[in-house]
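Presented below is the structure to which this report refers.
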Amino acid sequence: VPARLLARAVAASASANQTATIAGPAIGGVLYALSPTAAYATAFALYLAASILIALIRVRRPDAPRETAAFSILFAGIRFIARNPVILGAISLDLFAVLLGGMTALLPIFARDVFDVGPWGLGLLRAAPAAGALTTALLLARWPLPGRAGMKMFGAVAIFGAATIVFAVAGSFAVAIAALTVLGAADMVSVVVRQTLVPLLTPDDMRGRVNAVSSLFIGTSNQLGDFRAGVTAEYLGATSAVLLGGFGTLLIVAIWMKLFPALARVDRLDRSP
1 VPARLLARAV AASASANQTA TIAGPAIGGV LYALSPTAAY ATAFALYLAA
51 SILIALIRVR RPDAPRETAA FSILFAGIRF IARNPVILGA ISLDLFAVLL
101 GGMTALLPIF ARDVFDVGPW GLGLLRAAPA AGALTTALLL ARWPLPGRAG
151 MKMFGAVAIF GAATIVFAVA GSFAVAIAAL TVLGAADMVS VVVRQTLVPL
201 LTPDDMRGRV NAVSSLFIGT SNQLGDFRAG VTAEYLGATS AVLLGGFGTL
251 LIVAIWMKLF PALARVDRLD RSP
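Just so we're aligned: 139 in our numbering is position 139 of the sequence shown, and the numbers increase by one with no gaps anywhere.
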């Protein structure tokens, strides 16, 4: 993908992912109601089709010297990220925001004990962030961020934290749904900026390793975020756990703006730096 189109490509890919996130459980539920076998057979067929399509992709790779296997190669991606303040700031900002602001594991508690809406309400709570993320991804695929991408990433994470706080203190189910929708939209802005910056600032021979490290840390933060929320809720209650995570996210934004001024200065995402 050319550098000038990378941000749009990332947003388009994210929109497809969010569409699957919203439609997948609904379709799966219908198929399971008809027959559990039909649901699992369809899942297998889709995985098989995806594997075949991926295998048919042909990528032209520039010639590069082959490296001998060495233990140090395993940590080459981490060393590269540590030496690049923009990449390190973008990955770590997203990581700590999700680690502190993650609350997916607590949604069943809010649906049952706070809003008293039952299974259908829980479904809406889970779908709201994906709906916000999908809408934002579609908009960014058509109209990418015009400039000041670094500051927009900081702003998006701040909105993510603020929306988390609003959800925690929401007095009605409608306000909670709106807060989660805004939360998902803000998270998508952050994701698009990060997933665009990392490949743009990484040489071809390091891109796979850097992306692997990024995926590892971001994926791990989702699981650890749910763990953090669960442990905090055990001692402080679900509402206090979410509220604490929202304020923690805002604090991280303030600290990271001081620690990574180079990230705040990032302007456009439609060209290589």
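Don't be surprised by glycine CBs; every beta carbon is placed ideally from N, CA and C. Predicted model, so just to flag it, every value in this text is computed and none were measured.
(message) Starting from Pro119, trace the alpha helix (DSSP H) in both directions and tell me its first and last residue.
(response) That run of the alpha helix (DSSP H) goes Gly118 to Arg142.
(message) Among Tyr40, Ala50, Ala55 and Ile87, whose alpha-carbon lies nearest the alpha-carbon of Arg207?
(response) With distances taken between Cα atoms, Arg207 lies closest to Ile87.
(request) Tell me whether Gly77 sits in a helix, a strand or coil according to DSSP, three-state version. (result) In this structure, DSSP gives Gly77 a helical state, which the three-state scheme calls helix.
(message) By the three-class DSSP mapping on this structure, what secondary structure does Ile57 have?
(response) Three-state result, Ile57: coil.
(message) Quick check: the Cα distance between Phe167 and Ile52, rounded to an integer number of angstroms?
(response) The straight-line gap from Cα to Cα measures roughly 42 Å.
(message) Give me, in chain order, the residues of the same chain whose beta-carbon lies closer than 6 Å to that of Ala140; leave out the 5 immediate sequence neighbours on both sides.
(response) Note that residue 140 corresponds to Leu in the displayed sequence, not to Ala. Here the set comprises Ala11 and Val192.
(message) Excluding the 5 residues flanking Arg268 on each side, which residues of the same chain have their C-beta closer than 7 Å to its C-beta?
(response) Spatial neighbours of Arg268 in its own chain (CB-CB distance under 7 Å, excluding positions within 5 residues in sequence) are listed in chain order as Gly147 and Ala149.
(request) Could you have a look at Arg265 and say whether DSSP puts it in helix, strand or coil? (result) Assigned with DSSP and collapsed to three states, Arg265 falls in coil, not helix or strand.
(message) My parser needs the alpha helix (DSSP H) runs of 4 or more residues fully inside the stretch 141 to 182; what are they?
(response) Runs of the alpha helix (DSSP H) inside the stretch 141 to 182: 149 to 169.
(request) Give me the Cβ distance between Ala90 and Thr136, rounded to the nearest whole Å; I'm assuming they're in contact under 8 Å. (result) The C-beta separation of Ala90 from Thr136 comes to about 18 Å, leaving the pair out of contact by the 8 Å criterion.
(request) Return the chain-ordered list of same chain residues with a C-beta closer than 7 Å to the C-beta of Phe115, the five sequence neighbours on each side being excluded. (result) Excluding positions up to five away in sequence, the list reads Gly121, Phe173 and Ala176.
(request) Would you mind working out which of Ala105, Tyr47 and Ile78 sits nearest Ser92, comparing C-alpha positions? (result) Taking each of Ala105, Tyr47 and Ile78 in turn and checking the Cα distance to Ser92, the smallest one comes out for Ile78.
(message) Let me make sure I understand the geometry here. Which of Asn222, Leu197, Leu224 and Gln223 has the alpha-carbon closest to that of Asn211?
(response) The option with the nearest alpha carbon to Asn211 is Leu197.
(message) Would the stretch 100 to 117 count as touching the stretch 257 to 264 if we require 3 or more Cβ pairs under 8 Å?
(response) Flag = no, the stretch 100 to 117 and the stretch 257 to 264 do not touch.
(message) For a quick check, are the C-beta atoms of Ala14 and Ile109 less than 7 Å apart?
(response) With contacts defined as CB atoms closer than 7 Å, Ala14 and Ile109 fail to qualify as a contacting pair.
(message) For a test of the three-state rule: what should DSSP assign to Gly89, helix, strand or coil?
(response) If DSSP states are grouped into helix, strand and coil, Gly89 belongs with the helices.
(request) Would you check if the distance between the CB atom of Ala133 and the CB atom of Gln18 is smaller than 7 Å? (result) Yes; because the gap between Cβ atoms is below 7 Å, this pair is in contact.
(message) Can you list, in chain order, the residues of its chain with a C-beta nearer than 7 Å to that of Ser214? Leave out the 5 residues immediately preceding and following it.
(response) Closer than 7 Å at Cβ, skipping near neighbours: Ile91 and Val198.
(message) Within a Cβ cutoff of 7 Å, which residues of the same chain sit near Ala158, ignoring the five residues on either side of it in sequence?
(response) Sequence-distant Cβ neighbours of Ala158 in its own chain, meaning closer than 7 Å and more than five residues away, are Leu250 and Val253.
(message) Taking 7 Å as the limit between beta carbons, can you name the residues of its chain near Ala131, skipping five residues before and five after?
(response) If we look at Ala131 and ignore the five residues flanking it on each side, its Cβ neighbours are Ile22, Thr181 and Gly184.
(request) Helix, strand or coil for Thr202, going by three-state DSSP, please let me know. (result) When DSSP states are grouped into helix, strand and coil, Thr202 belongs to the coil group.
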